[in-house]
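Numbering (this note's numbering), first residue to last: 5 to 232. Glycine included, each C-beta is placed from N, C-alpha and C at the ideal position. Structure, as structure tokens:
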């Protein structure tokens, strides 16, 4: 397919030295503008990213949401900004499909749906059950509030117009930022869309996110942004 004009890929990462090279190389099929937002890694994540000519930006280390908020200062209004996880749970080959509604002028913010494309991460133990149940409940409420038919509001694999990202005035420091992004997109009357994408199990290590520890923060932020 070749390089895509005005595409910028943002990769939040922390201690992902075993997977960061693969994800950067996958994204380089489509763009040379790759930004790694590093949450103060203590391994070789940043060294590997720099060697592959990715731009490395340090965040204050307060969580993924903080990194996403830092990213908006390094993209242009004309960019199509794709957020993709550093652990290889998202496939860079899905990027063209993800951004197509924006390129076609049919959306301002597009999420990848694990419910439509399948997931290897939403099934298993208690944390996985909480993720699936919580995600489904929040998506149902967003649909009811805005009269939509989204299937997955919580996937971190998403694309936005750069100007839209800057206009959302995001506040969350952790992964709750993903629901904040959707709710504020809709409150500002931007157009949401979703496409099927598959979520794979991370290849190395374990996720630092323990759903049972952040569950109530999800509910609190969800209620705050959706109804106030």
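CB of residue 19 within 8 Å of CB of residue 49, strictly: Remark: C-beta atoms of residue 19 and residue 49 approach each other more closely than 8 Å.
Every unbroken beta strand (DSSP E) within the segment 146-171, with a cutoff of 3 residues, ordered by chain: Within the segment 146-171, the beta strand (DSSP E) runs of at least 3 residues that lie entirely inside it are, in chain order, 162-165.
Close Cβ partners of residue 63 (< 6 Å) along its chain, the five nearest in sequence each way excluded: Excluding residues within five positions, the ones whose Cβ falls inside 6 Å are 41, 43, 70, 71 and 74.
Cβ contact check for the segment 133-151 and the segment 170-181: 3 or more pairs under 8 Å: At 8 Å Cβ cutoff, the stretches do not touch.
Residues near residue 76 by beta carbon distance below 7 Å, same chain, minus five either side: Cβ within range, chain order: 169 and 170.
Close-in-space but distant-in-sequence residues of the same chain around residue 156 (CB under 8 Å, 5 per side omitted): Only 115, 116, 117, 118, 119, 120, 139, 143 and 198 meet the Cβ criterion.
Whole-angstrom C-beta distance between residue 98 and residue 12, which should lie under 8 Å: The pair is not a contact, with the Cβ atoms about 16 Å apart (cut-off 8 Å).
Spatial distance of residue 96 from residue 15 (CA atoms): One C-alpha to the other measures close to 11 Å.
Span of the alpha helix (DSSP H), counted from its first residue to its last, around residue 74: That run of the alpha helix (DSSP H) goes 68-75.
Contact under 8 Å by Cβ, residue 23 with residue 108: Cβ distance not < 8 Å, so residue 23 and residue 108 don't count as in contact.
Same chain, Cβ closer than 6 Å to residue 164, five either side skipped, listed in chain order: Counting only Cβ-Cβ distances below 6 Å, and skipping sequence neighbours, we find 85 and 113.
Spatial neighbours of residue 54 in its chain, beta-carbon cut-off 6 Å, leaving aside the 5 residues before and after: Around residue 54: 60.
Sequence-distant residues of the same chain with beta carbon closer than 8 Å to residue 102, five excluded per side: Cβ within range, chain order: 86, 114, 116, 161, 162, 163, 199 and 201.
Proximity to residue 208 [Cα-Cα], best of 230, 27 and 232: Selected option, being the one with the closest Cα: 27.
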